[in-house]
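K.L.:
At the far end of the sequence shown sits residue 211, using our numbering, and the numbering has no gaps.
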Amino acid sequence: MRDDAGYAPPEYNLEDWERALTIHVGTAYACHGCGSLVMVTKGGVGVMDLVCCDREMEQVRAQTGEPEGQQE
Numbered sequence: 140m141r142d143d144a145g146y147a148p149p150e151y152n153l154e155d156w157e158r159a160l161t162i163h164v165g166t167a168y169a170c171h172g173c174g175s176l177v178m179v180t181k182g183g184v185g186v187m188d189l190v191c192c193d194r195e196m197e198q199v200r201a202q203t204g205e206p207e208g209q210q211e
């Protein structure tokens, strides 16, 4: 059994949770197994676990053409 004396849970507020769990329109995901692409067309708040080819899809980052580290 864990001694919880002095334990303080992390303090999160609603804005922190909403920012972490917001699903943004235009976010793209890719399957590296078959090459499928998915784009969010209706945003919201929640958890979205996209799976394709028995693997989790990865979020696609926009390429700006700038060398890495010089993006604004």
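For each residue, glycine too, the CB sits at the ideal point set by N, CA and C.
Within this structure, are the beta carbons of threonine 244 and valine 179 separated by less than 8 Å?
P.N.:
This structure gives no information on residue 244, because the portion of the chain shown stretches from 140 to 211.
K.L.:
Note the first and the last residue of the continuous beta strand (DSSP E) segment covering alanine 159.
P.N.:
Run containing alanine 159: none in the beta strand (DSSP E); it sits in the alpha helix (DSSP H), 153-160.
K.L.:
Take the Cβ of methionine 187 as the centre, count every other Cβ of all protein chains shown within 10 Å, and call the residue buried at 16 or more, exposed below.
P.N.:
exposed
K.L.:
Can you tell me which of the three DSSP states alanine 169 falls into?
P.N.:
strand
K.L.:
How many angstroms separate the CA atom of valine 164 from the CA atom of proline 148?
P.N.:
32 Å
K.L.:
Nearest-angstrom Cα distance between aspartate 193 and arginine 200?
P.N.:
22 Å
K.L.:
Measure the C-alpha to C-alpha separation of aspartate 143 and glutamate 195 and round it to an integer number of angstroms.
P.N.:
36 Å
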